[in-house]
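Just below is one structure, and these are the notes that go with it.
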Amino acid sequence: MAIRNIVKQGDPVLEKTARTVLNFDERLAMLLDDMKETMYDADGVGLAAPQVGVLRRCCVIDIGEGPVELVNPVIIEKSGVQNESEGCLSLPGLYKTTVRPMKVTVRANDRHGNVFTVTGEGLMARALCHEIDHLDGILFIKRAVDE
Ligand code: NI
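Quick note on numbering: the sequence shown equals residues 2 to 148 in the numbering used here.
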């Protein structure tokens, strides 16, 4: 495993749409392992592949309950609303209140290509929405409430 460089706001890779993962191979496994190591090293709760310069639809999340790896994640259900403070490893030191669903259910592949669903509320729902937004080139400041 290796810690990768986290790209910062201003890098065009953060505004591009990531491509669907088709090959569930060693290269993907290495990417996910590196992303987890990079996230933990940076004390983040989530990291998306574009943040390490890779335009593939995958992300990792750990809100303190163990790591979750999501490949090709799609939100299939959402409910409620929450306005909470949010930050991003690509915009260090910046925190803004965003509007997010209170609860989301996401369908994704695991690193082997198996389909699973995960439901998150509160912080987990925010993390899921935040990371999936990264795969569509959307930064959290676009979800910020005017203050
Ligand atoms: Ni982020």
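In this text, a Cβ means the ideal position worked out from N, Cα and C, and glycines have one as well. Predicted model only: the values in this text are computed from it and were never measured.
Please classify residue 145: does DSSP put it in a helix, a strand, or coil? strand
When DSSP labels each residue in this structure, what does residue 39 get in the three-state scheme? Under the three-state reduction of DSSP output, residue 39 falls in the helix class.
Between residue 59 and the ligand NI, is there a pair consisting of the residue's CB and a ligand heavy atom that are separated by less than 7 Å? No, the Cβ of residue 59 stays beyond 7 Å of every heavy atom of the ligand NI.
Residue 113 CB to nearest heavy atom of the ligand NI below 7 Å: no
Per DSSP, residue 1 is paired with what? Not covered by the structure: residue 1. The range shown for the chain is 2 to 148.
For the alpha helix (DSSP H) containing residue 126, list its first residue and its last residue. Following the DSSP letters along the chain, one finds residue 126 inside the alpha helix (DSSP H) bounded by residues 124-136.
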